[in-house]
Amino acid sequence: MPTRVRKISVMEVAMLALSLTALQGCTTSRAAPETPAFEARVEAEETVCCPPAYEVTNNGSGMFWGSGSTQIVRLGDKLFVSAFEAVPGVAPLNNARWALYERGPDGWRLCQRDEKDRTREPCPLGVSQAGRLLMSVNPTLAPPVPMPPVASEAKATGGPARPEFLEFDPARPEQEPKHWVPQWDDAPQFTDHSYRAFAADGKNSEFILFNKIGSTHSEWAFLDKHGGWKTGQLAWPKGEDPKFSVWGGPGTPVNYANAILAGRQVYYLGGSPLNIWNRIDPANTETWGRSKWGWRMRKLHCTWTPDVTSTPFSEWVVLDDTMDDGGTIGMGDSWLAPDGRLHVVWQKEPINPQLRDLHFPDIKRDWHVCYGILKDGKLLEKRVVLSGGETTGPLHPTGYIGHPRLHITPDLTLYILCNLVGTTPETRPQTGTYAMRIGRDGSISAPVRIPLARPIPGSFFTASPRAGCPLTEAADLLIADTIDGKPVARYARVRFVPPCSPSVTVEGALALTPGEGRTIHLTARVSDPQNDPATVEWRLPDGETRQGPTLEWTAPETGNRFAIKVTARDPQGNEGHTTTIVSLPPPELAATKDFVRVEAEDFTNQGGGEAKVCHPVGASASISYWHKDIGHWLEWEFSTPADGRYELWMRYTTPGKPRRALLLDGQSPGPEFADIAIPGTGGWCSDTDNWAYMKLGSALALSAGKHCVRMTNLADGLGVDFFVLHPLP
13 MPTRVRKISV MEVAMLALSL TALQGCTTSR AAPETPAFEA RVEAEETVCC
63 PPAYEVTNNG SGMFWGSGST QIVRLGDKLF VSAFEAVPGV APLNNARWAL
113 YERGPDGWRL CQRDEKDRTR EPCPLGVSQA GRLLMSVNPT LAPPVPMPPV
163 ASEAKATGGP ARPEFLEFDP ARPEQEPKHW VPQWDDAPQF TDHSYRAFAA
213 DGKNSEFILF NKIGSTHSEW AFLDKHGGWK TGQLAWPKGE DPKFSVWGGP
263 GTPVNYANAI LAGRQVYYLG GSPLNIWNRI DPANTETWGR SKWGWRMRKL
313 HCTWTPDVTS TPFSEWVVLD DTMDDGGTIG MGDSWLAPDG RLHVVWQKEP
363 INPQLRDLHF PDIKRDWHVC YGILKDGKLL EKRVVLSGGE TTGPLHPTGY
413 IGHPRLHITP DLTLYILCNL VGTTPETRPQ TGTYAMRIGR DGSISAPVRI
463 PLARPIPGSF FTASPRAGCP LTEAADLLIA DTIDGKPVAR YARVRFVPPC
513 SPSVTVEGAL ALTPGEGRTI HLTARVSDPQ NDPATVEWRL PDGETRQGPT
563 LEWTAPETGN RFAIKVTARD PQGNEGHTTT IVSLPPPELA ATKDFVRVEA
613 EDFTNQGGGE AKVCHPVGAS ASISYWHKDI GHWLEWEFST PADGRYELWM
663 RYTTPGKPRR ALLLDGQSPG PEFADIAIPG TGGWCSDTDN WAYMKLGSAL
713 ALSAGKHCVR MTNLADGLGV DFFVLHPLP
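All you need for the numbering used here is the position in the sequence shown, starting with 1, plus 12.
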């Protein structure tokens with residue numbers, strides 16, 4: 013079927029604000045309306061974790077490398093993220109491990125990390141509506157190779173691997189997971205290069221894994237709801253002449269794939285690398301090869317079976333390709349609707365600019381976001397929905413593999429999420445992340461800008477239905493970013509609402525400190541585009557709701573951080589939402605006035621490293637960068653007004669599980685202070701309040717006068733706002 017394309021230029025945007033009516037220098041498949049079709053509202057932006065820089069593992073992979081299978085999933089009010097960490101002291105390839113993070117009422121926390129096995133690639137997640145949480149892992153069977161003194165001299169060494177599933181208890185994700193090992197019919201030669209695709213049928217609580225075996229096929233393993241296994245092979249589509257092929261065989265692997273599982277119906281679709289495209293003379297080796305010209309994904313392949321347990325996969329279908337212009341193609345996202353139609357989005361990138369200029373000057377360089385629909389494995393429709401480049405305007409899509417993404421709401425409305433980049437002074441301010449809505453009639457709205465405080469620079473995941481996640485009004489995004497030169501994984505929640513919906517913000521003291529009690533006073537400020545009156549509802553942590561623009565609430569005795577949800581609703585039923593986190597002192601410190609407080613940034617001495625003073629959310633200043641050097645110590649001096657027994661508390665933040673040793677006046681106060689395990693709080697307070705309080709050991713017997721506390725790094729990073737000495741009666 014020919015591609016159906018309608019390109020109509022849209023006018024320049026007059027003002028960049030929270031939403032975007034039109035874009036300059038970009039073409040879409042429909043004319044832009046006079047007003048936005050919807051508004052995108054950002055409800056949360058948070059740091060989840062800090063994965064290693066690519067150079068640290070240097071194994072060709074990373075946290076966002078497996079773009080076809082998501083690293084973030086939702087189970088009810090909880091979110092889980094599979095992070096990617098470096099294993100210290102181990103050379104590539106198998107020098108990484110998984111770490112499981114959870115987002116609950118108190119924010120993000122590290123549940124556990126793999127302390128036993130090593131791997132090369134990230135470990136995607138899948139869930140079911142029955143409350144199951146599974147992770148696809150591929151631990152190596154090869155012994156560890158020590159990292160040489162000069163990391164650049166490390167020789168990459170791989171080896172065999174054992175694919176399996178880990179099943180965690182979502183209520184107790186810190187506990188040892190259950191191991192599910194597929195029962196293979198043969199003896200597949202699995203390695204650390206799995207290129208695996210993982211999918212979940214959330215409704216039926218079933219899971220499927222595809223694991224690449226060289227240039228011949230993928231082994232697949234299906235885990236049914238009763239714990240039974242079905243395994244098989246999926247042969248790769250025919251490739252190019254083996255003399256020129258990427259993998260040296262007759263088949264071409266389908267990599268970075270989406271797998272979709274629903275009622276035992278399975279789709280598998282992704283990109284295939286090819287060196288030789290239609291205008292290449294294989295004899296002219298100067299014009300082809302990854303080392304010279306980069307990525308070679310040129311065909312988007314798809315196969316399907318109505319029942320993976322009983323029916324073979326169909327013949328491969330090419331959904332799209334770049335064989336005529338030398339560009340590349342990247343699989344984006346897909347969703348199988350209840351009517352059996354598979355919605356697919358992908359992106360086409362132009363030919364390498366140097367290759368074009370040297371050898372193919374007539375080819376124009378354009379970028380395209382594409383959308384297609386399949387049914388029963390057959391392509392029904394495809395079209396270009398957004399373009400930019402030399403013939404289509406200086407604002408173009410960007411992101412390549414894993415871009416764009418889809419978000420689907422409970423009423424089955426589809427949104428395409430994509431990144432755009434401007435290449436001229438006029439269009440550079442429009443660089444950012446956008447959403448387009450797909451109407452029931454197939455129409456596609458003009459792009460609407462998502463007003464993220466930190467625009468998405470490249471790769472991102474969603475909590476996808478392909479991983480078994482439920483359809484939600486708000487989109488959960490996991491974003492690859494860099495802050496202060498360090499890689500970070502960020503979370504954002506984005507809601508799409510009618511442009512006439514009210515918005516709501518919260519004012520008041522969101523963080524109380526020792527002596528300020530545990531009763532909060534908040535005010536909701538509502539703004540409505542049409543000046544309609546709006547009601548306000550507060551949803552408290554225990555589920556209680558209160559009405560009205562103000563809230564006075566006393567927190568229960570247990571817990572120090574609470575999430576309060578606020579909804580503003582106009583007479584037409586349009587809603588605006590926000591969630592605010594309040595941080596309170598523990599009950600022991602809430603009402604006391606007789607305490608000694610020492611700011612962490614006022615340390616008097618340090619050794620074995622260098623801490624930095626930071627200015628995070630919820631604190632005027634704090635110390636951090638206390639992670640790099642084991643043995644790095646800091647000292648603080650304080651004065652007690654009288655002899656007595658004192659509790660030592662600290663207000664701190666950390667996404668990890670640090671450990672510290674504590675000395676008082678040069679001596680250990682007791683065995684419990686030799687190795688203090690500090691629970692994670694969910695982040696570094698870089699963009700949200702992650703502060704928590706901890707009592708450091710049992711009470712200390714102190715005389716009146718000056719004293720010195722030394723804390724020494726035993727493991728992991730720790731940020732500290734202040735210490736409190738609380739006298740006991």
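Just so it is clear, CB atoms sit at the ideal spot from N, CA and C, and this is done for glycine as well.
Residues of its chain near residue i, where Cβ-Cβ distance is below 6 Å and the 5 sequence neighbours each way are ignored
| i | result |
| --- | --- |
| P294 | F256 and I288 |
| V516 | A536, V538, V578, A580, G588 and T590 |
| D336 | N290 |
Inter-residue spacing [alpha-carbon to alpha-carbon] between residue i and residue j
| i | j | result |
| --- | --- | --- |
| R672 | L708 | 10 Å |
| S715 | F615 | 21 Å |
| N270 | E519 | 43 Å |
| L524 | R530 | 7 Å |
| D213 | T315 | 18 Å |
| P63 | V157 | 21 Å |
| F180 | G143 | 10 Å |
| G678 | K577 | 47 Å |
| K640 | Y268 | 34 Å |
| R42 | D319 | In this prediction, R42 has a pLDDT of 48, which is less than 50 and means its spatial position is unreliable; what the coordinates show is noted afterwards. Going from the Cα of R42 to the Cα of D319 covers about 38 Å. |
| E485 | T421 | 5 Å |
| N223 | P510 | 42 Å |
| K242 | H355 | 27 Å |
| F202 | P194 | 12 Å |
| E188 | D118 | 22 Å |
| I688 | L601 | 21 Å |
| I450 | H419 | 10 Å |
| W648 | G694 | 26 Å |
| V258 | A686 | 55 Å |
| E393 | G384 | 5 Å |
| D369 | D493 | 32 Å |
| D345 | R174 | 27 Å |
| A633 | R663 | 12 Å |
Residue i: first and last residue of the uninterrupted alpha helix (DSSP H) it sits in
| i | result |
| --- | --- |
| W305 | R302 to W305 |
| D369 | P365 to H371 |
| A209 | Segment A209 to D213 is the beta strand (DSSP E) holding A209; no alpha helix (DSSP H) there. |
| E600 | P599 to A602 |
| E67 | Y66 to T69 |
Cut-off 8 Å between Cβ atoms - residues of its own chain near residue i, not counting five sequence neighbours on either side
| i | result |
| --- | --- |
| E557 | Going by the sequence as given, residue 557 is Thr instead of Glu. Same-chain partners within the cutoff: E549, W550 and R551. |
Enclosing beta strand (DSSP E) for residue i [first to last residue]
| i | result |
| --- | --- |
| Y664 | G656 to T665 |
| M706 | A704 to K707 |
| L87 | I84 to L87 |
| G520 | S515 to G520 |
| K237 | Where K237 is concerned, there is no enclosing beta strand (DSSP E), given that its DSSP letter is neither H nor E. |
| M309 | M309 to T317 |
| S539 | T531 to S539 |
| C720 | G717 to A727 |
| C135 | Looking at the DSSP string, C135 is not in any beta strand (DSSP E), and its letter there is neither H nor E. |
| W120 | G119 to R125 |
| Q277 | Q277 to P285 |
| Q359 | R353 to E361 |
| C61 | E51 to C61 |
Where residue i falls, given that 16 or more other Cβ within 10 Å makes a residue buried
| i | result |
| --- | --- |
| E58 | buried |
| Q442 | buried |
| V162 | exposed |
| H380 | buried |
| G283 | buried |
| N702 | buried |
| L740 | exposed |
| R478 | buried |
| K360 | buried |
| Y427 | buried |
Close beta carbons around residue i, own chain, < 7 Å, minus the five adjacent residues each side
| i | result |
| --- | --- |
| M343 | G80, Y268, A269, N270, L281, G282, G283, L312, W358 and I413 |
| H371 | T299 |
| W192 | E176, F177, E179 and L235 |
| P104 | T69, N70, N71, A166 and A168 |
Whole beta strand (DSSP E) runs in the segment 365-453 with 3 or more residues, listed along the chain? 378-387, 390-401, 407-410, 417-420, 426-434 and 444-450
Complete beta strand (DSSP E) runs within the segment 545-633 (minimum length 3 residues, chain order): 547-551, 557-559, 562-566, 573-581, 587-595, 608-611, 617-619 and 624-626
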